[in-house]
Amino acid sequence: MTSTRYGEGSTVKIAIIADDLTGANATAALLSTKGFTTMTCLDNDAKEAERFDVVSFSTDSRSVSSAEAYRRVAECVARINPEQTLISKRIDSTLRGNLGAEVDAVIDSFPHLMAIVVPVYPSSGRICVGGSLLVDGIPLQNTAMRNDPKNPMLESSVVELFRQQTNKNVSYICLRDVLRGEITLTKKLKELYCGNVRIVIIDATTGDDIQQIAQAVQKAKIPCFCVDPGVFTAQLAWLKFSSGRRRTNKVFLAIGSVSDLTQRQIKKLRYEREVYIETLSAEELINFSLNPESAAQVVDRLIDKTRTFDVIGIDSVEAPEHIFRLDTLAKKFAVDNHQVSCMINSGIAEVVAQVLKKEKSPISGLYGSGGDVMVSITRRLKGSGVVLKDEVEPLAVYGKLVGGLADGLPLITKGGFIGNDNTLVHCIDYLVTKVSGNIAITETV
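So the sequence shown is numbered by full-length UniProt numbering: it starts at 1 and just counts up by one.
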C-alpha cells in the first residue's frame, strides 16, 4: 500500500479500519444511513475512494499475530490525515481480535490522538456497564463466545482486555458519569487528555448514551479517533460533518391501528432496532386535529430525536389499558363514533405533515399502519394517490405518493391486522433500504 495521503481534491471525511470485511461493510452501511457516500475498498490504494465521504478498509487481521495486526493497521493509517479525516478503528462487537495492538498502531502513528472506546451496539444487545461488555444482559465470558474456536472470549471487562493488550495508559468513564450528561463528560474527557491518557473506555447502554458521549467529544474539541463497532462512529461523524447535509434515509412511522397484533409488532421492532416511538393519547390527537398549532411541541421533540434515531414515529396505544372507547370520546366532543375516529386519524396526519415540513427535516420515508390513517395522511399532504411498486409482504405494499406537497415520498402501508410479529421489522428494513441516500422532503406543507 502507498503511504501517500489523500490529495487536496479528496472528499474523504471518515476512514474506517476494520479487522474483517464484514465489519468494514457494516460500519460503512451505518454511515450510509446518515447520508454519507461510502465505499468499502478491496484495493487499499483505490484512487476512486477519494470521491467518497467514507472509505472503509479491512486489514483482515482478527486472527493474525498482534505484531502483524499492528503492521497492517499502521500501514493503512499512513495515508490518512487525521486533521481532515475522522479515523474509526472498527472493533468486533464481541471484542474478538487484536484490540490493543491495532489501537496502538493508530496512536503511535498520531500520538496526539486519544482513542475513545465505546464498545456497544445497543440494538444488537451489546452494552457496556461497569467497564464490562454484556451481550443480551449476559457477561461476554459467559456467552457462546467463550467457546469461539479462533478467538475464545474469557474476559468480559473491556478495561482489562485493553490493559492486557497495550502499554498505553488506559482510563475508564463509568455509566454514572455518562448519565450526568454532556457537561460532566466534557470535563472528564478534557482532564484525561491533559493527563496524557490516550485510551479511554466509556460505558453506554442506549442510543441516548451514545449521543451524549458524541456531543461531549465534539464539545471537548480533543483530537481523537473512534474505537467501536460502528454506532458511536456514525453518531460522532454526523455531529462533525452533518452541517448543511440534506441526504438521509430516516423513516417516520404513523401507527393508528390499536390491534393486539400491531402492539406485538411494535414491541418486536423496539427489541430488534433502535427506534423512538412516542405514544399520543386519542384526546391529544383530536386536539391536534382541531388546533394544529398545538402539535408543535411534539413535532419539535420528534425532530430532535432524529439526531439519535433513524426510525421515529407515533402511535396511539402503548398497552391494552390505553385503548380508548370511541363512544366515550364521541360524547365528550359531541360527535358520533365515525367522526371521532376521523378526528384521531386527522391528528396523526397533522403530526406527519408538520414533521415533514420542518426546515431540514431528515424524514424521507413513511410507514403507515391502518388504512384510514393513510387516507388521512394522503389528504393532508394533498396527494392524489399512491403509485404501487412492490408487495413487501401479503397486503403490505410499497409505493410512492403521487402529487401534492410530498410528491414522490416513498412509503409502505399495511392494515392493522396484517402479518405476523416480524412484519413491522421487515417493512421498516425494506423501507430504509429503499430510501437510502434520498433527499428529504422540503416543500412547504
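Cβ coordinates follow ideal geometry from the N, Cα and C atoms, glycine included.
Helix, strand or coil: which one does DSSP assign to Val-392?
Correct three-state label for Val-392: strand.
Give the DSSP-derived three-state secondary structure of Ser-259 in the structure shown.
In the structure shown, Ser-259 sits in coil (DSSP, three-state: anything other than H, G, I, E or B).
What residue does the alpha helix (DSSP H) around Ser-66 start on, and which one ends it?
Looking at the DSSP string, the run of the alpha helix (DSSP H) that includes Ser-66 is 66 to 77.
Using the Cα positions of Val-77 and Thr-413, report the straight-line distance between them to the nearest angstrom.
In a straight line, the C-alpha of Val-77 is about 46 Å away from that of Thr-413.
Please name the residue in Thr-262, Asp-336, Ile-314 whose C-alpha comes closest to that of Glu-350.
It is Ile-314 whose Cα lies nearest to the Cα of Glu-350.
Are the beta-carbon atoms belonging to Val-129 and Ala-115 less than 8 Å from one another?
In this structure, Ala-115 does not lie closer than 8 Å to Val-129 by Cβ.
In the DSSP assignment, find the unbroken beta strand (DSSP E) run with Cys-226 in it and report its ends.
Cys-226 -> beta strand (DSSP E) spans 224 to 228.
Under 8 Å by Cβ, that's how I've got Ile-213 and Leu-185 pegged, so tell me the actual separation to the nearest angstrom.
The pair is a contact, with the Cβ atoms about 6 Å apart (cut-off 8 Å).
Taking Cβ positions, are Leu-401 and Leu-431 nearer each other than 8 Å?
No, they are not a contact pair.
Taking a contact to mean a Cβ-Cβ separation below 8 Å, would you say Ala-282 touches Leu-329 in this structure?
Cβ distance < 8 Å, so Ala-282 and Leu-329 count as in contact.
Quick check: what's the CA-CA separation for Met-153 versus Arg-163?
Approximately 15 Å, taken between the alpha carbons.
Going by beta carbon distance, what residues of the same chain come within less than 8 Å of Val-375, once the five residues before and after it are set aside?
Counting only Cβ-Cβ distances below 8 Å, and skipping sequence neighbours, we find Asn-345.
Can Asp-177 and Lys-168 be called in contact, C-beta distance under 8 Å?
No, these two residues do not count as a Cβ contact at 8 Å.
On the DSSP letters alone, give me the boundaries of the alpha helix (DSSP H) that Ser-376 sits inside.
Looking at the DSSP string, the run of the alpha helix (DSSP H) that includes Ser-376 is 371 to 380.
Whose CA, out of Val-340, Gly-131, Asp-60, lies closest to the CA of Asn-98?
Nearest option by C-alpha distance: Asp-60.
Sorted by chain position, which residues of the same chain lie with C-beta nearer than 7 Å to Ser-369's C-beta, five sequence neighbours on each side aside?
The residues are Ile-255, Gly-256, Ser-257, Thr-262, Lys-414, Gly-416.
Just to confirm, is the Cβ distance from Ile-286 to Gly-365 under 8 Å?
No.
Run through DSSP, which three-state label would Lys-89 get?
It is a strand residue.
When you compare only the Cα positions, how much space is there between Ala-24 and Val-64?
Going by the C-alpha atoms only, they are around 17 Å apart.
With a Cβ-Cβ cutoff of 8 Å, do Leu-133 and Pro-122 count as a contact?
No, Cβ-Cβ distance for Leu-133 and Pro-122 is not below 8 Å.
Which complete alpha helix (DSSP H) runs does the segment 117 to 184 hold, if anything under 4 residues is left out?
Correct list: 158 to 165, 175 to 180.
Count the other CB atoms, across all protein chains shown, that sit within 10 Å of the CB of Asp-336; report buried if there are 16 or more and exposed otherwise.
Answer is exposed; the Cβ neighbour count stays below 16.
Look at the Cβ atom of Val-311, then the Cβ atom of Ile-428, and state whether they are nearer than 8 Å.
A contact, by the Cβ cut-off of 8 Å.
Please state whether the Cβ-Cβ distance between Glu-272 and Val-135 is less than 8 Å.
For Glu-272 and Val-135, no; Cβs fall outside 8 Å.
With H, G and I counted as helix, E and B as strand and the rest as coil, what does DSSP make of Gly-313?
Of the three classes helix, strand and coil, the one that applies to Gly-313 here is strand, per DSSP.
Using 8 Å for Cβ pairs, my map puts Ser-58 next to Ala-15. What's the rounded Cβ distance?
No, Ser-58 and Ala-15 are not in contact; Cβ-Cβ is about 12 Å, not under 8 Å.
Check the DSSP bridge columns for Ala-115 and list the partner residues they point to.
DSSP output for Ala-115 lists Ile-199, Phe-225 as bridge partner(s).
Just to confirm, is the Cβ distance from Glu-182 to Gln-235 under 8 Å?
No.
So is Cys-194 buried or exposed if we call it buried at 16+ other beta carbons inside 10 Å?
Exposed: under 16 other Cβ atoms inside 10 Å.
Rounded to the nearest angstrom, what separates Ser-289 and Met-343 at their Cα positions?
In a straight line, the C-alpha of Ser-289 is about 6 Å away from that of Met-343.
Can you give the Cα-Cα distance for Gly-404 and Gly-383, rounded to whole angstroms?
Each residue's alpha carbon lies about 4 Å from the other.
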